[in-house]
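Number of protein chains: 4
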Amino acid sequence: MYGQNWAVEPIRSWFTESRRIASWLEILGAIAQAQADIGAVPRVAADDIAQTCAHGISDLGRVAECSHATGHSTAGLLEAVRGLVRPEHARYVGLGTSVQDIADTWTALTMKLTAERLEQDLGALAGQLASGAARHRDTVMLARTHGQPGAPVTFGFKQAQWGAELARHRSRLAEGRPRWETAQLGGSVGSLAFWGAGAPGLLAAFARRVGLQAPVLPWGSARDCVAEFGQFAALVGATLAKIGNEVYQLQRPEIDELGEPATGEQIGSVTMPHKRNPERSEQLVTLGRLLRAHASVLLEGAVTEHERDGRGWKAEWVALPDVCCAVTCASALCTDLLAGLEVHVDRMRANVEAAGGLALSEHAVRVLEPRLGLPAAYRAVRRAVLATRAGEFNDLAGALAAAQDDEPAGLADPRAAAASATAFADEWVRRADPGS
Amino acid sequence: MYGQNWAVEPIRSWFTESRRIASWLEILGAIAQAQADIGAVPRVAADDIAQTCAHGISDLGRVAECSHATGHSTAGLLEAVRGLVRPEHARYVGLGTSVQDIADTWTALTMKLTAERLEQDLGALAGQLASGAARHRDTVMLARTHGQPGAPVTFGFKQAQWGAELARHRSRLAEGRPRWETAQLGGSVGSLAFWGAGAPGLLAAFARRVGLQAPVLPWGSARDCVAEFGQFAALVGATLAKIGNEVYQLQRPEIDELGEPATGEQIGSVTMPHKRNPERSEQLVTLGRLLRAHASVLLEGAVTEHERDGRGWKAEWVALPDVCCAVTCASALCTDLLAGLEVHVDRMRANVEAAGGLALSEHAVRVLEPRLGLPAAYRAVRRAVLATRAGEFNDLAGALAAAQDDEPAGLADPRAAAASATAFADEWVRRADPGS
Amino acid sequence: MYGQNWAVEPIRSWFTESRRIASWLEILGAIAQAQADIGAVPRVAADDIAQTCAHGISDLGRVAECSHATGHSTAGLLEAVRGLVRPEHARYVGLGTSVQDIADTWTALTMKLTAERLEQDLGALAGQLASGAARHRDTVMLARTHGQPGAPVTFGFKQAQWGAELARHRSRLAEGRPRWETAQLGGSVGSLAFWGAGAPGLLAAFARRVGLQAPVLPWGSARDCVAEFGQFAALVGATLAKIGNEVYQLQRPEIDELGEPATGEQIGSVTMPHKRNPERSEQLVTLGRLLRAHASVLLEGAVTEHERDGRGWKAEWVALPDVCCAVTCASALCTDLLAGLEVHVDRMRANVEAAGGLALSEHAVRVLEPRLGLPAAYRAVRRAVLATRAGEFNDLAGALAAAQDDEPAGLADPRAAAASATAFADEWVRRADPGS
Amino acid sequence: MYGQNWAVEPIRSWFTESRRIASWLEILGAIAQAQADIGAVPRVAADDIAQTCAHGISDLGRVAECSHATGHSTAGLLEAVRGLVRPEHARYVGLGTSVQDIADTWTALTMKLTAERLEQDLGALAGQLASGAARHRDTVMLARTHGQPGAPVTFGFKQAQWGAELARHRSRLAEGRPRWETAQLGGSVGSLAFWGAGAPGLLAAFARRVGLQAPVLPWGSARDCVAEFGQFAALVGATLAKIGNEVYQLQRPEIDELGEPATGEQIGSVTMPHKRNPERSEQLVTLGRLLRAHASVLLEGAVTEHERDGRGWKAEWVALPDVCCAVTCASALCTDLLAGLEVHVDRMRANVEAAGGLALSEHAVRVLEPRLGLPAAYRAVRRAVLATRAGEFNDLAGALAAAQDDEPAGLADPRAAAASATAFADEWVRRADPGS
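Chains as they are written, first to last, in our numbering: chain A, -1 to 434; chain B, -1 to 434; chain C, -1 to 434; chain D, -1 to 434.
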């Protein structure tokens, strides 16, 4: 019922059994075609096999039966295809091919599909944040360190910070894709042993057929790229969780600077009629945690033993789909969240000015520094902070003015205090080119 | 006593308290110089501060005292420097600077130092493996899948596989370094608020002074690069653990294909005089595990809250040094291990030929396929395997010859069976350019 | 197709949507009955609600629709039940109840079901290992440390070691169950606020109704027990992975001491007709890894914020079912593996005697110690080891006899060398009472 | 400089090299005494060895040298003791003993020391929370779910919740200690092979000598107890992190319900004179994260291979001390934090009443339910919530009164709304017996 919180299209469908079997068959067909490309299999046989594979298998029950009898995960599939092609072509089905060739090439295609979706979503997010940073160029808000109000920045600056992180993810994605989207064809033990000296040529031909990079060596026993993909997804997930958590915290009514959009009909609680919960923001944190856990399985799997290590490889079968679903679900949710995000500009300003404007203490040091020097300025402001806290003055500016015999200009101007934030955000917006 | 198993120079010394304080002071000096570069501080003051910082602080006890009294980790350091420069320059010490500027720039320098060492070690490893792959071009050995003997490959092919993984790590290192080795200067809340519109210029000047990349924005609240560095280290650690584990397994006397070098005096066990333990190989696996754990802390830390999140940041203080020590220790250990690795060529061959040469079953299918077609060839070889296992024949070739009325040429030739492995390794050696 | 490798009955079915909704409805019925038990709801209404819930909801589409419209996961379910009971009872459906009450009580029932299955399987495993330890009381085999042959033990001793670990798990299970199998009823914020001072009584009544422990306080914001359950499952998974890995390693043909059973039809590889792969052993390691990852999510979730923290709670919804499926699948697989395990007694003995019986070096030290003292005996045996390795003698006993002028009795008797292993295993079998 | 944030006494000193060597020597002495207890070694020799070990080794340089030459971690220690006892006793030093016996028994003693400290601290925390729950029996505060204000509870209830979690940890500690605090003596391969049938007796005698439980079997290859200890520590760490995070969040000035104590001199920030940071609260979260990472290493180590697996064992050498330091540092910090915690009772009340008292919405449903039935009461309150939010009324009670023609009694009474919380906390205080 609640699937949309855990996976989005087209990723979700990619992992259905029917779609997966269709992909596996396409790969099987491409293997035959590649073998024909290097002259190892008659073209007519390869065409027959490829067309049969493209057409699919209707009787999946029989496939399952055969797999169950042999205890082997693809024996049934190969048998089924052999039964469907012309009898004289049966001998060319899956020639010199192991289940890992099919499964790992499918893995590469899976990472490609996910990467494409991420490229889209990260691009969209970058665009949203660049517009947001421009729109909120002058929206002063508190920075917070250690959960406590610090000096003011702008909401544009915050969005630029989020955007800078996402921009780095886009670079990582572009760098990683050629490594992840690489064909695998290794036969029995990863050396394409069946093909002797012709093996490198076959591998290259196959890569062309499936639209993936051709590796120098088959990579079946090297899971570093799958692990790296998981690490990347988990890192993206961390940034999206960070954004989600930020909204979750800033949506607290006591702070009330941001808000998830809510429709009138939406119910936060069946017991408390007043509740409005940050469901999507929370979900981003949840997905970020799951991504870290799933990715840790892929990383452990990179410590393979010998030329195939089923212990880690089969763990991949579970963890990789989970990674792909979670990271794209998170990127979609975040796009959606940012699209409808309520920004309470007045409340941001009010929070800066709350508690006597103590958040401007560093700004006050800065204003006083030219006349007092840093240490004396710091001490003066600290005294004024304590006096304001003690209720001796209404606000920090007042306390300072009293101590200085005059009120230095701009002591209580949040916009001036946030000038550097504006400058940085402007620079980031100038450089960001989300369409690239 | 056993420190060399956990850290190597110059990484180990980098983390001593004295070296760390020296680095922090250098950074403090560079901040003053950068402030002079943009005209915010008199050059004479900056020079005084920088020289004082370069000279170091002798009375660390007083620093500790002040830090303890204020509960603040750098207040003591700043106070000490202020006491050592000319009185009129004290006001310029640490102007508009937070502890995070110093700590995070030090973090970037730490990653740089580690990356430099890794670049060296990964290069050396690549060179060792390229030579090894060439030297063992014709050394036939068993591939193993699921822990069971598979078709033969060559030891050159195995080294090419290891090398291909390390080559990808070198690419990742080159891609990641500009992101990791980036200066941090953000002041109180990460916006360099003290410097207003002059902030971007100061950041750029500071980056030049410390020899690091200049970011568009201060990155104090964005820990994705630190987390990515940890991920990279853990991924390298996984490959090195994989190599270590492979040696550990292949050094079993029952297999005996590889061996760690051992000196005459070395004692494997104080109770069992015959023991020779693969200590370095094991240690590579150990370090790989620790790296995964340490790196997970850095990744979790990337989900920061607001503009500084001490919860994750302080965890970095523990996890990052651990990551740097472990990964460079592993790369050094692995270099050492490969340099002295014993390769038992005869035993490799004997293992291929053991048990009646059953490991050549796929090769036999390949030899028979042209005359029988794949399915029939597979069935014929399977029958011969069972007959050989049942003791009806001495070896697979004999069993097959009996069934075929003649012995097809090359049925029992491991070199022929491993031809594709040789071809792939040759190609990899040709492309590998470890010096680049 | 391959589901049996990832989940077994009745755990698998428990997590189907239909079964889950049925359980949720039963809990909803129990809530009404408990409210009647304390006089807060008319019995006739409670009976009507409970019967309606027991009967189930046929129109799940409408439930989904309502949940979708309100964005709330149980609003639809409550609405459906309200529509099915007599109109005057609708007001009593889900009175003062939050979705968490239902979801968390279901979580407790889930842990109970899993614990029951584990209790069975761990008991069965203990029984198998106790019989195995008795049956192989005298089966001498190599111990291995650091992957290298050590002194001999017995296969009975090894099984006793496995059994001792499992016996501790049974204790942990018994200790943990009362904590895990605890009812949850907390209403809106975990204090059962709707019920005022009557709340503690309602909680106790509800626990009785659902057959779970009654907590002193509702535990909705305290996830330590769920996390502990996950830790326990992961710890059990580690032991089962250890057993699986041991079989995987000892099944290597070069060692060949243990073997997974294989049927005649089973295919290890579609390319290599000779392969027999340790599929179940590997799968135990795979499941152990997944369990660690899933459990880490539950542990992180124990750091809840305030009275309900959706960020961790929803991660539980994914991780807990995964934990339950994986751990019971592993316990079932292991039972199956041990039931059919091939033990190659002769090969075990041969491996002890291989390489000139060097594995008896400690035993030789022990035999010589009374006449030479420990240091001299150690040195004498070490010299004999080196001489045997150098080919000067056929075996260690010969080398030692030559040095001693006579052959001390029992130098080459593996049974004598393994006497302590037999003594320990006997003691363990004596104490083990698998039926308890 | 900042060590007190990472370790406390006596745990910190336990891990210094000098203390560790002293412990190792004590264990070596106890081994000799136990061997004398079963008549295997002359008492006079055992006494000499034990006294020498108790006296310690002054020349650690020589120990290090010998360890380095042999590459063996305890060979140097044994050699040094042999050189210090009377010559005729040298042969009895470390008889039939492996380094693992010493290291693992030390591990058990380490867990014992840590457990003792935790028992103390968890007891102290339980006491603090029981008093706190009683003291704040009537202190109404908001519960928060999904980061949003929910119905009111009391601060006594919150402390009871924390206390209930800690009480479960005390049970877990009591249950786990006998498993963790178990002697290890296994000799070369974990079977005490040197001692033949006398082995079980020696193990029991040794356990008595070191004041630890005697296991049925040596546990060197079974790391489940070490892993379980790590899991326990991480679980305790999660609860303490939860408390820390709660304080961190509730100390936000916008909420301001709790506060870490701060001295006058303390500096929150060198740039912002107004800052007061929740340093200890944050550190609890930090330590909780590190504990999870360290514990994951111990859990992975439970998947041992054969009779000793150096890969996981040596990772323990790093991870176990880290676990022990972090968990006891956290328990000490939390005790300290709770001892000085500022509770802002007025602000808690004000937050409940903020925003028109919407947080009392469930209470209002409860008050109206008898006259309207649940669904109608919910709808009525929801309408009143929206009207209050729209500014049509000052508060929820007013909005409801207008709709009802009268104001039902107690609509706006937080104490009444929190009655169940008080009842639960009372019950918990009644049952809690922190001294037990």
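Backbone N, C-alpha and C define an ideal beta-carbon position, used for all residues, glycine too.
Keep in mind the model is a prediction, meaning the values are calculated, not measured.
{"query": "Beta-carbon separation (whole angstroms), residue 93 of chain C vs residue 33 of chain C, contact threshold 8 Å", "result": "6 Å"}
{"query": "Contacts that residue 90 of chain D makes with chain E (C-beta to C-beta distance below 7 Å)", "result": "The structure shown contains no chain E; its protein chains are A, B, C and D."}
{"query": "C-alpha gap between residue 28 of chain B and residue 84 of chain B, whole angstroms", "result": "18 Å"}
{"query": "Per-residue burial, residue 14 of chain D [other beta carbons within 10 Å of its own, 16 or more giving buried]", "result": "exposed"}
{"query": "In DSSP terms, what residue 256 of chain C is bridged to", "result": "C/341"}
{"query": "Residue 139 of chain B: first and last residue of the uninterrupted beta strand (DSSP E) it sits in", "result": "138 to 143"}
{"query": "Listed by chain order, chain C residues near residue 151 of chain D by CB distance under 9 Å", "result": "187, 188, 189, 191, 305"}
{"query": "Candidates D/154, D/161, D/52: closest to residue 23 of chain D by CA position", "result": "D/52"}
{"query": "Residue 482 of chain D, DSSP secondary structure in three states", "result": "No statement about residue 482 of chain D is possible, as the shown extent of chain D runs from -1 to 434 and does not include it."}
{"query": "Closer than 8 Å to chain C by CB, residue 281 of chain A", "result": "yes"}
{"query": "Integer-rounded CB distance, given that residue 286 of chain D should sit under 8 Å from residue 330 of chain D", "result": "That belief does not hold up - the Cβ atoms of residue 330 of chain D and residue 286 of chain D are roughly 14 Å apart, past 8 Å."}
{"query": "Check whether residue 151 of chain B and residue 189 of chain A have beta carbons under 8 Å apart", "result": "yes"}
{"query": "Residue(s) in a DSSP beta bridge with residue 146 of chain C", "result": "C/143"}
{"query": "Own chain, CB closer than 7 Å to residue 21 of chain C, minus 5 neighbours either side, in chain order", "result": "104, 107"}
{"query": "Delimiting residues of the alpha helix (DSSP H) encompassing residue 249 of chain D", "result": "Careful: residue 249 of chain D lies outside any alpha helix (DSSP H) and carries neither H nor E."}
{"query": "Bounding residues of the alpha helix (DSSP H) (the contiguous stretch that carries residue 80 of chain B)", "result": "73 to 82"}
{"query": "Below-8 Å beta-carbon distance, residue 390 of chain A vs any chain D residue", "result": "no"}
{"query": "Identity of the residues DSSP links to residue 151 of chain A by a beta bridge", "result": "A/139"}
{"query": "Nearest-angstrom beta carbon gap, residue 410 of chain C and residue 355 of chain C [assumed within contact, 8 Å]", "result": "6 Å"}
{"query": "Cutoff 8 Å: residue 383 of chain D Cβ touching any chain B Cβ", "result": "no"}
{"query": "CB contact flag (residue 216 of chain D, residue 200 of chain D, <8 Å)", "result": "no"}
{"query": "Segments assigned alpha helix (DSSP H), at least 4 residues, entirely inside the segment 146 to 216 of chain B", "result": "153 to 178, 197 to 208"}
{"query": "Inter-residue Cα distance where the pair is residue 240 of chain D and residue 193 of chain D", "result": "50 Å"}
{"query": "Same chain, Cβ closer than 6 Å to residue 324 of chain A, neighbours up to 5 away in sequence not counted", "result": "285, 288, 289"}
{"query": "Chain-ordered chain B contacts of residue 426 of chain A [CB-CB under 7 Å]", "result": "214, 215"}
{"query": "Which listed residue (A/143, A/67, A/81, A/173) has its alpha carbon closest to that of residue 117 of chain A", "result": "A/173"}
{"query": "Opening and closing residue of the alpha helix (DSSP H) in which residue 97 of chain B lies", "result": "97 to 133"}
{"query": "Within chain C, the residues that residue 156 of chain B reaches when beta carbons sit closer than 8 Å", "result": "Within 8 Å Cβ-Cβ: nothing; residue 156 of chain B doesn't reach chain C, min ~17 Å."}
{"query": "Spatial neighbours of residue 186 of chain B in its chain, beta-carbon cut-off 6 Å, leaving aside the 5 residues before and after", "result": "96"}
{"query": "Alpha-carbon spacing of residue 41 of chain B relative to residue 299 of chain C, whole angstroms", "result": "53 Å"}
{"query": "Stretch pair the segment 303 to 312 of chain B + the segment 297 to 312 of chain D: three plus CB contacts closer than 8 Å", "result": "no"}
{"query": "Closer than 7 Å at the beta carbon, the chain A residues around residue 270 of chain D", "result": "148, 149, 359, 360"}
{"query": "C-alpha gap between residue 251 of chain D and residue 270 of chain A, whole angstroms", "result": "26 Å"}
{"query": "Residue-chain proximity (residue 240 of chain A, chain B), Cβ-Cβ < 8 Å", "result": "yes"}
{"query": "Per-residue contacts from residue 103 of chain A into chain B (C-beta, under 8 Å)", "result": "Going along chain B, no residue has its Cβ under 8 Å from residue 103 of chain A, so there is no contact; the nearest lies around 17 Å."}
{"query": "Given residue 336 of chain B as reference, the closest of B/139, B/127, B/246 once Cα atoms are compared", "result": "B/127"}
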